[in-house]
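Peer 1: Structure in structure tokens, see below.
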């Protein structure tokens, strides 16, 4: 087993929190390989005129680095 590293990713979506998490994973996979897990640390939403207009997440992405 290799070394596991963690990066923090901030992502958003105008659809849902689930979509924001998928976007975090998609963005992280552009620069790292061997992703093993994603832990959502914080959720937030932007509101305009009493409606949610965007969803955001701060997530920790764990990936394995071969030693």
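In the UniProt record's numbering, the protein residues as written are 1 to 67.
The beta carbon of each residue, even a glycine, is placed where N, CA and C say it ideally should be.
1) In whole angstroms, give me the CA-to-CA distance for residue 87 and residue 24.
2) Could you check the C-alpha separation between residue 13 and residue 7 for me, to the nearest Å?
3) Going by other Cβ atoms of all chains shown within 10 Å of its Cβ, with 16 needed for buried, is residue 39 buried or exposed?
4) So, at 7 Å on beta carbons, what are the nonlocal neighbours of residue 66 in its own chain, with the 5 sequence-adjacent residues on each side left out?
5) Within 10 angstroms of its Cβ, does residue 43 collect 16 or more other Cβ (buried), or is it exposed?
Peer 2: Let me spell this out:
1) Given a span of 1 to 67 for the chain in the structure shown, any question on residue 87 remains unanswerable.
2) Reading the chain shown from its first residue, position 13 is the one you call residue 13. Reading the chain shown from its first residue, position 7 is the one you call residue 7. Using only the alpha carbons, I get a separation of about 20 Å.
3) Walking along the chain shown from the start, residue 39 turns up at place 39. By the neighbour-count rule (16 or more Cβ atoms within 10 Å), residue 39 is not buried but exposed.
4) Stepping through the chain shown from its first residue, residue 66 is reached at position 66. If we look at residue 66 and ignore the five residues flanking it on each side, its Cβ neighbours are 2.
5) To locate residue 43, count along the chain shown from 1; it is residue 43. When all chains shown are included, residue 43 counts as exposed.
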